[in-house]
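Notes follow once the structure below has been shown.
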Amino acid sequence: MPTRRKFLSSSAAGLATLAVSPAAAAISLPPAPVVGKPLVISTWDTGLAANAGAWKVLSKGGRALDAVEAGVMVTEASQNCCVGLGGNPDREGIVTLDACIMDEQFNCGSVAALERIKHPISVARRVMERTPHVMLVGEGAQQFAVAQGFPLEPQKLSPDAEKAYQEWLKTSQYKPVVNIENSGTRTPGPVGGANNHDTIAMLAQDAQGRLSGSCTTSGMGFKMRGRLGDSPLIGSGLFVDNAVGAAAATGQGEDVIRIAGAHTVVELMRQGMTPKAACKAAVERIAKIKGDKARTIQVCFIAINAQGQHGAFALQKGFSYAVCDAQNQQQLLQADFLLL
Ligand code: SD4
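Numbering (the numbering used here), first residue to last: -7 to 332.
And the structure:
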């Protein structure tokens, strides 16, 4: 990374050249170093398709906020995974959705326990942009969505969710298991991984260096009615500070909330940690709290910093995250993990 001194001296040299002749400077200056901008990363293998949606915005010089909305909308609309209305229901058989979004200026919006709306992320953005509030829940969130023109979808489970729910009803045990590979009751994912991931979190940096993030989920399958996880909570499921970086979480929401996960990762980056080291430190904090029970859960973090570096870390094996930038285009990476 360039030191401050190097940066100052090279910018001073650049300014001096410009002072002589702008045209000559345009020819003689080396191309600007690309430090990973624009960039989008997102959780799980479903992140590949979502990143492609976000990239359409970023590659045209669009705003990171628009990219993270457009990106996760791809996943919300897919019937092929557990995010959105195709997700697993709560124990009463009703799908309830949570989402939040945050931009480069600490603006944020969130909805929770929202029913029958296809794109909770867009409702969260409207909460941010068109209300004096940050968060709307339940009936009020739905009323707001309808008033904003979002259609009410039928109250109906997808065939996969119906099957999973009928299976769950046989024992009706409340034993949530989130995101530990192959623990789900749903069909395999598009690239071979388990497809029971009910959340997508996405972070992006645009060509102008603006950071934004989004997170959207059907929450833990067969949860108690009214249960919320970390995903709609600014500071737990998602946090963005443009001067430092952005972070997001997936996995057992209750344990992410206990340490205000995404905010913790950003604060650790503020103290100088790389994105990956910050994600790892947050995972370690949760592991310490959980003690012997750490093996019963999965928690995972993704992060990017203001310099355009990215990283991720998980408690257990099996966490994939998708990265898309101008240099490498699409990649699906396996995150390192704590519990061997
Ligand atoms: C929750 N964090 O509701 C979410 C679940 C999740 O992939 O991330 N699943 O607790």
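Ideal placement from N, C-alpha and C gives every residue a C-beta, glycine not left out. What you are looking at is a predicted structure, and each value in this text was computed from that prediction instead of being measured.
Cβ-based burial, R122 [other Cβ within 10 Å; buried from 16]:
exposed
Taking only runs that begin and end inside the stretch 47 to 102, name each unbroken beta strand (DSSP E) of 3 or more residues, in chain order.
89 to 94
The stretch 68 to 86 / the stretch 216 to 223 touching (three or more Cβ pairs under 8 angstroms):
yes
For L331, I'd like the list of residues in its chain whose CB is within less than 7 angstroms of its CB, leaving aside the five on either flank, ordered along the chain.
A286, R287, L307, Q308
In whole angstroms, what separates the C-alpha of D233 from that of E96?
7 angstroms
Contact set for E61: own chain, Cβ-Cβ below 7 angstroms, skip 5 residues either direction
I93, I113, S114, R117, S206
Same chain, Cβ closer than 6 angstroms to W47, neighbours up to 5 away in sequence not counted:
C316
Taking contact to mean 3 or more Cβ pairs, one atom from each stretch, closer than 8 angstroms, check whether the stretch 234 to 242 and the stretch 128 to 141 are in contact.
no
Any chance the CB of T208 is under 7 angstroms from a heavy atom of ligand 1?
no
By the DSSP assignment, the beta strand (DSSP E) with Q135 in it spans what residues?
Per DSSP, Q135 belongs to no beta strand (DSSP E); it is in the alpha helix (DSSP H), 130 to 139.
Tell me the rounded alpha-carbon separation between Q73 and T266.
Looking at the sequence provided, one finds Cys at residue 73 rather than Gln. The straight-line gap from Cα to Cα measures roughly 31 angstroms.
With DSSP as the reference, label L324 as helix, strand or coil.
strand
Nonlocal neighbours in the same chain, by C-beta distance under 7 angstroms from K272, ignoring five residues either side:
F305
Could you tell me if the beta carbon of M216 falls within a distance shorter than 7 angstroms of some heavy atom in ligand 1?
no
Rank R55, A91, G101, I294 by C-alpha distance to the C-alpha of K110 and give the top, closest one.
A91
Any heavy atom of ligand 1 within a distance shorter than 7 angstroms of the CB on D222?
yes
Three-state secondary structure (DSSP) of D190:
coil
Looking at T67 and A104, is the spacing between their C-beta atoms short of 8 angstroms?
no
How long is the line joining the alpha carbons of C292 and D190, rounded to whole angstroms?
13 angstroms
Is the beta carbon of S223 closer than 8 angstroms to that of G249?
Sequence check: residue 249 is Ile here, not Gly. Taking 8 angstroms as the Cβ cut-off, I249 and S223 do not qualify as a contacting pair.
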